[in-house]
Structure formats: C-alpha cells, structure tokens
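Q: Just so we're aligned: the sequence shown equals residues -21 to -1, 1 to 734 in mature numbering (1 follows the signal peptide of the UniProt record, and there is no 0).
The beta carbon of each residue, even a glycine, is placed where N, CA and C say it ideally should be.
Below: one structure in structure tokens.
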Amino acid sequence: MGLLLCLLFFAGFFFTAPFLASSRTLAESPQPTTVLDVGEALEKTKYVLSFQPANKAALDQSLSASASSSSSLSLEIHSRASIHKSSHFDYKSLTLSRLQRDSARVRSLTTRLDLAVNGISSSDLKPLDNGMGGFTAEEIESPVISGSSQGSGEYFSRLGIGKPANQVYMVLDTGSDVNWVQCAPCADCYQQTDPIFEPSSSSSYSPLTCETQQCKHLDTTECRNGTCLYEVSYGDGSYTVGDFVTETITFGSSTVDNVAIGCGHNNEGLFIGAAGLLGLGGGALSFPSQLNATSFSYCLVDRDSDSASTLDFDSPLPPNAITAPLLRNSQLDTFYYVGLTGISVGGKMLPIPESVFQMDESGDGGIIIDSGTAVTRLQIDTYNVLRDAFVQGTNNLKSAESVALFDTCYDLSNKSSVEVPTVSFHFPDGKVLPLPARNFLIPVDSVGTFCFAFAPTPSSIAIIGNVQQQGTRVGFDLESRFLLMPADQFISPTISQNMNEMMSYPRPDKNIVGPVRSESFAFYVDAPPSPSSSPINFNTTNRNSPSTPSSSSPNKSQSCLILSIILLSIFTVTCSVPIIVFYAYGPRSPVFHVQQVALRYPIFYEGPTRLSSLLNITMAVENPSTVIGLFFQDPNSIVLRYNDMPLSCGVIPPFYLAPKNETVLQPALSGLGVALPDDVRKNLEDEHRNKKVPLRLDLTAKLRFKFSSSLKFKATLEVSCALVLENLDNCNTPPKLVSQSCNSASSYWIPAIKA
C-alpha cells in the first residue's frame, strides 16, 4: 500500500506540475505592445464574402507574362477565397468552416506522426490488392472510412500538367511529399474546378517501372504489369491511388521535365476545387527535392484577400536573416522542424522550458512549421501559460464568448484600433520574431468579435500555422538555413526560362538515425531590440502556508497539526488530479457495431457431428475519445460461437483508429469440419429450421495508446456481440441480422458516454 501511495504521489506530481506552472500569473511590468487595426480587419470580413473568384484565363496570362524576367522558378500563390466562391452568407459561418477543415488537417498530421513514432507503417492503412492487379473503389473504402478531409487547402498555385499543358489548380503543402493529380479514367474522383487530366492526351506522360528509384521511394506501392502503382493514405482516412508516372510541369513559359507524380484514379477526402497536390515536404519525392532546389520560399497572403503572392525556388537570399536550426525527424522526413527556444508576451519571456519544443530520441515531440495548418497548436500546458499571459495584458478589453477551438475572445465592436501585448517567437542566439497583431488576434465575425489565434493540442507535437505566417516570407534554405522575412522587404523574382538542368534525380540518403540537425532556418527581418530575456516574475505566495512566526510562537503540537493538514491537502490534490485528468482526457472504450453477415458458402453439416461455415463479417468500430488514438495490433482473434461452441474464426489486420473516427472492418471467418456434441448440434438444427439462430461474436485485440509523450500504455480489449440471424441457407442472399448488441468485457476502459 505504501508503494502504491508513493506511485500515486509521483504520478500526481507528474501530471499537475505543468498545470501548476501554467496557473501562475504575470507580475506587473512595462509591456511592449503592438496595434491592431480593428476597422481594417472588419472591412475585409465583409469584402471576402462579396468578391468573385479570379478568372482562370487571367491567371494563366499573368503567370505567363511573369515568366520572361526571372532568374528563378516562381509560382503565384492564391488564397482559397480568391479561386473558390464562398457559399457562406456570413463571416462567422465561414470562420467555423475554416476551423473545421483546420481541425481535420491537424488530426491528419498528428496521426501520421503518431504512426511513424510508434513504428507503424502507412502501408498498414493502405487498401488491399484485389488479387487481380488492380484496386476497386469498394476495397479502397473498406480499411478506413472517414468524412474528414486531408487538409484545409487554403493556398493554391496554378500550373500546367503534361504536353500540351493542362492548366490546373494545385494545393501547396509543406506537410506532404508525393505530388499527384486526378486522372481519367476516374473510378472515384471528387469535383474540381478544371477538367480532369487525360493522360492519353499528353505526349510527355510516361509510367514508371517498379525498379525505378522514384517507385522505391514511395512508402506504399504495388506493381501491375511491371508498372508502379502508388497509394497515399492520410491518417484521417483520406487517400489517393493510381499510377506513378513522370510528367512535364509548366509554369508560364518555363517547363520542368520528368517530374514524378501520382496519376490518381481513385481519390477521396481532399476538397472541392483543386486538381491535386504539390508536395513541398522534405522527402525525396517532394517537388523541391526533385528540382534539387537549394532553397525555396513563400509568402502567404491574408486569407480574406484576393491578392496573390509567390512561391519561389532558388531565389536570392538576403543577408539580414534571423537564423535558427531546421531539424529533421528520423522517423518521418516530410516535416520541417524548427529550433524554437521560447515565447514572450509583452517583452517578457514565458516560463516554458526549452525542452518543451525539442524532439526526443524516438522522434516524438518538437515543433514543425506547416503551410496547411491555419492556427498554431501548442501543447496544453504551454498554451495555458501563453494564454494566461496574454489575458493579463489585455484585461482592459471586453471579453466575449469562446468560438469553436478559440477559448479567448474579445468584443471590439466599439473600437477602431486596440493596443495589445506583442507575442514573439524566440530562437537560438537571441533571435526574436515579433508577430503583428493581425497574426494572433483575428476576427471571427463581422460585428467585432476577435479571438486569440492559438489553440491547445493533446499531441506531443506543436505546429506553427499559416495565420502566424501571413504577410511574412517564409524561406527554407535546404543546405544551411531556414528563413523568414516581412513580405514588403522581399522583391519576388519571376519564373526562369529553363529549369531542366535542375532535374537530376539523386537525393540525399533517407536513412537518418535519430533527430538530425541537418539544416538550420532563419528569419529575414531587421532584428528589433530583443525583449527582456529575464523571465517573468510570478506571485508564488502559498495561501495555505503558515504566517511568519512572531515572538509568541504557537506551541509545537499546533504547528504539527497545521503542517499535517497542509501535507494531507497537498497529497489529496496530487492524487486526485491525475485521476480527474485521466478521466477527462483518457481513452474511451471503442464502440463496435455489426453491420452485416455474408455467407461465402451455405452452412452445411458433415456426417452426424460436424459442421462447416465460411462467412464475412462487416463491423464498424468507433473511437469516442476526443484526443486519444488507438493502435490495434497483432495478435488478435475474432470467433463466431453458438452456445460457447466455436463455429468459425478469423483475424483482423492491424490498424489505427484516430480520435472521433470510425473504421469499418471486414474479417473473413472460416470453420471446416467443426465437431459438435449431439445436443448442441440438435439445438442448432432446430433453431436453424425455425429461421432464427442466436450466435455470439467474440473479439480479442491487443491495443496501444499514448496519453502523453512519456506515458504509453498497452491493453487487451475483449468485445462480445450477441447476434440473431435469419436465412443461413443461401449465400446469394445475405443473412438477415435480426438483432445485435456489442459490449466490452474489459474493466480497464472508461465507458463511452452515450447521448
């Protein structure tokens, strides 16, 4: 019992330390501020709902005209609003839609990272080959079914695919490597703005063989008639499947030959509008890697603007750079990790350990910069410290109700401008990047509600989103530095005439061991005076502490009693907080639901005591947890029983079940020549004859889940489903599922709360 109490005490300290740190308040001190133009921001919220998407022909002409005076490759960047007419009637509904897409994007990124860190390949999520060398839409949908999209897709570029060039919109994504476009014939494609690319009309279309380096760099691939098939499955269930080929990419009058891209014939879960995706990640198949570009940079325009900016490759890098490390994760080389050291508010450093932003040896943790995520995500305790500091610096502003994932909002309806504390990112060697007020205090409606544009995440990884990047040129020096600079200090070069000499394919070795400081990043700004590096002072007075003894000290027994009460109170709090936290954020029991039972062969009897059955079960599995994903591992089993007698059995493949997500399983069960006692056989025959047969489906699975970066658990899940079936005689007609109910037999799980 003593050991258990000690463990509870230390567990309580582990869980409560971050929360105690985050609950401290800022001491009064002069705070450098920045001004938010409220009137200008609200005008944009009205304008974005009224302007028309850019004309495609005008964009093509503009892009072509810009190609004549360039010394580097350049693409125009357009916001989603400038090419896709909003269907929203008010700005708040537009904001909620954006935040919903953003949440889906973050779930996808964190899922992919969790899979990589836990050693689970993305191929575990891929659709299965049908044994005939191709994929069918039904098979693609069977492993994972999700209504979420792969990403928010807020920024697009227009480029040409093939010869002659077919102009299409492509999503720009630093969180992806594989470039792909929807292709005809289309087995399953979503709606896009331009006609779907027709490979037969392109003279430069060339399928890749399975022996090529490009094909071998794919995480998930199959071969069909010697040609390479690709498949990209995102953590939320989105996917693209098709032929992996080389094609010519055109930017205005410049062309790049032999770019490896996916020609997707089955695509699901991205979004309406774009024809595909241009991967800007750090992997070997990304567009910068295939160009052998030494650098690239982009400037993201305001999402409420119809103006354009540029994505530039190998453009000149100015000398006035704020530099910081760019790290690479050995488990997943797609993402760009930033060497952040701290955050300040109002010129005062927040009490956040630098280790919070660092990646560990397993590749877990750290902070990435991402073009597809909108709102910056920070770990919960880190976010709480940042939010509390900002709230104290804005206590003169009228607060408003929270909106979606934003818990800190203000009513600025009667203001034309406000002065707020400056939020700054800090990097090694004292480098500081102060954010403009418009990059962290954003409107959520047209009447004056503004919210603090940071959000907490239960994931171990933090993300710098595009709201914080808007109006700043973000540059990636792939040899030595990563760069950021204000857009008004950057003169954008235009497209070069000939980029084919950049297309030699050999890439750096991907076999990296441990987190590698392979590059560094820099911010292009005129460095402002550094905010005070001294940490903010916090009031640490313990209200429960006894007063300083006076000349008339209390007697020893009273002192011991007071001390005992204090220690008991601390012990009670430290033991109860982890229980409360685990109950609030811990895993929930997966909810199973049998949807269909299909016979592959009618149930038949062999001799007087034996029975054979071959059938498929379709069952849905839902994870009701909002933050904890579940890894279903080998070994596992699924058994169909009658009166505790096993009739047939099978297995389910390993898979990952994301938070608030559903997966559909289709295990095949078989039982040949199963021996039955006489009484069991007689009862089964009687019930079979009466058309209703009660059966039980038992599933046992090994699970892994992660509660924090340092707390990882294993569990065994046992599920029992009571079924009543009719029509077990004809495999051409599925048995009728008269009733079904599933229950978890494990006492480990917190029960799912049902509405």
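Could you give the C-beta distance for Leu270 and Val235, rounded to a whole number, given that I count them as a contact under 8 Å?
A: Leu270 to Val235, Cβ: 7 Å. Contact.
Q: Excluding the 5 residues flanking Leu197 on each side, which residues of the same chain have their C-beta closer than 6 Å to its C-beta?
A: If we look at Leu197 and ignore the five residues flanking it on each side, its Cβ neighbours are Tyr209.
Q: Leaving out five residues before and five after Cys162 in sequence, what residues of the same chain have Cβ atoms less than 8 Å from its Cβ?
A: Excluding sequence neighbours, Cys162 sits near Ile175, Phe176, Glu177, Pro178, Gly221, Asp222, Cys242, Gly243, His244.
Q: With distances taken Cα to Cα, identify the nearest neighbour of Gln612 among Asn602, Ser627, Tyr635, Met149.
A: Closest option to Gln612, Cα to Cα, is Tyr635.
Q: Do you know offhand how far Leu702's Cα is from Leu578's?
A: One C-alpha to the other measures close to 15 Å.
Q: Suppose you measure from the CA of Leu88 to the CA of Ile359; what does that come to, to the nearest Å?
A: Near 17 Å, if we compare the C-alpha coordinates of Ile359 and Leu88.
Q: Does DSSP put Lys394 in a helix, in a strand, or in coil?
A: In this structure, Lys394 counts as coil in the three-state DSSP scheme.
Q: Write down the C-beta distance between Thr172 and Gly252 rounded to the nearest angstrom, noting that I regard them as a contact closer than 8 Å.
A: Correct: roughly 5 Å between the Cβ atoms.
Q: Measuring alpha carbon to alpha carbon, tell me which of Leu290, Gly409, Ala432 ends up nearest Arg356.
A: When only C-alpha atoms are compared, the closest one is Ala432.
Q: For the segment 293 to 364, list the alpha helix (DSSP H) runs that are entirely contained and at least 4 residues long, ordered along the chain.
A: Qualifying alpha helix (DSSP H) stretches: none in this window.
Q: Go through its chain and collect everything with a Cβ distance to Phe385's Cβ below 6 Å, but skip five positions before and after it.
A: Cβ neighbours of Phe385 beyond the five flanking positions: Cys430.
Q: Taking DSSP as the reference, what is the three-state secondary structure of Glu601?
A: Here Glu601 sits in strand by DSSP.
Q: Taking C-alpha atoms, which residue in Lys25, Gly372, Leu420, Ser350 lies nearest to Asp16?
A: Checking every option, the nearest Cα to that of Asp16 belongs to Leu420.
Q: Count the other C-beta atoms from every protein chain shown that fall within 10 angstroms of the C-beta of Asn204, then say buried if there are 16 or more, exposed otherwise.
A: Looking at its Cβ environment, which holds fewer than 16 other Cβ atoms inside 10 Å, Asn204 is exposed.
Q: Count the other C-beta atoms from every protein chain shown that fall within 10 angstroms of the C-beta of Pro625, then say buried if there are 16 or more, exposed otherwise.
A: So Pro625 counts as exposed.
Q: With 16 other CB atoms within 10 Å as the buried threshold, where does Pro332 fall?
A: With fewer than 16 Cβ atoms within 10 Å of its Cβ, Pro332 is classed as exposed.
Q: Identify the continuous beta strand (DSSP E) that holds Tyr134 and give its terminal residues.
A: Element bounds for Tyr134: 134 to 140.
Q: According to DSSP, Tyr148 sits in a beta bridge with which residue or residues?
A: Answer by DSSP bridge pairing, in chain order: Arg137.
Q: Can you check which of these residues, Ile322, Ser604, Ala287, is closest to Asp367 by C-alpha distance?
A: That would be Ile322, whose Cα lies nearest to the Cα of Asp367.
Q: Is it a yes or a no for the segment 664 to 681 touching the segment 691 to 701, going by three-plus beta-carbon pairs under 8 Å?
A: Segments in contact, yes.
Q: I need the DSSP call for Leu707, collapsed to helix, strand or coil.
A: Correct three-state label for Leu707: coil.
Q: Looking at the structure shown, is Gly18 part of a helix, part of a strand, or coil, going by DSSP?
A: Three-state DSSP puts Gly18 in a helix.
Q: Residue range of the beta strand (DSSP E) that Val606 falls in?
A: First-last for Val606: undefined, no H or E at that position.
Q: Going straight from the alpha carbon of Asn722 to that of Gly345, what length do you get?
A: Approximately 39 Å between the Cα atoms of the pair.
Q: Taking DSSP as the reference, what is the three-state secondary structure of Ser72?
A: Helix at Ser72.
Q: Using the three-state DSSP reduction, which class does Arg82 fall into: helix, strand or coil?
A: Note on residue identity: the sequence assigns Ser, not Arg, to residue 82. Helix at Ser82.
Q: Could you give the distance in angstroms between the alpha-carbon of Gln310 and the alpha-carbon of Pro603?
A: One C-alpha to the other measures close to 28 Å.
Q: Determine the DSSP secondary structure at Val370, reduced to helix, strand or coil.
A: Val370: helix per DSSP, three-state reduction.
Q: So, at 7 Å on beta carbons, what are the nonlocal neighbours of Val717 in its own chain, with the 5 sequence-adjacent residues on each side left out?
A: Excluding sequence neighbours, Val717 sits near Lys671, Val703, Leu704, Glu705.
Q: Taking the alpha-carbon of Leu54 as reference, which of Asp291, Lys327, Glu190 has the nearest alpha-carbon?
A: The residue with the shortest Cα to Cα distance from Leu54 is Asp291.
Q: With contact counted as at least three CB pairs below 8 Å, one residue from each stretch, are the segment 399 to 411 and the segment 311 to 319 in contact?
A: Yes, since at least three Cβ pairs between the segment 399 to 411 and the segment 311 to 319 fall closer than 8 Å, the two stretches touch.
Q: Let me confirm a value: Asp281 is counted as buried when at least 16 other C-beta atoms fall within 10 Å, else exposed. Which label applies?
A: With 16 or more Cβ atoms within 10 Å of its Cβ, Asp281 is classed as buried.
Q: May I have the straight-line CA-CA distance separating Ser720 from Gln574, to the nearest angstrom?
A: Cα to Cα, Ser720 sits roughly 11 Å from Gln574.
Q: Would you mind sorting Val14 into buried or exposed? The rule is 16 or more other CB atoms within 10 Å of its CB.
A: Per the 10 Å Cβ criterion, exposed.
Q: If you follow the beta strand (DSSP E) that Asp456 is in, where does it begin and where does it stop?
A: Start and end: 451 to 456.
Q: List the residues that DSSP assigns as beta-bridge partners of Tyr218.
A: Note: Tyr218 sits in a beta bridge opposite Ser212, Glu247.
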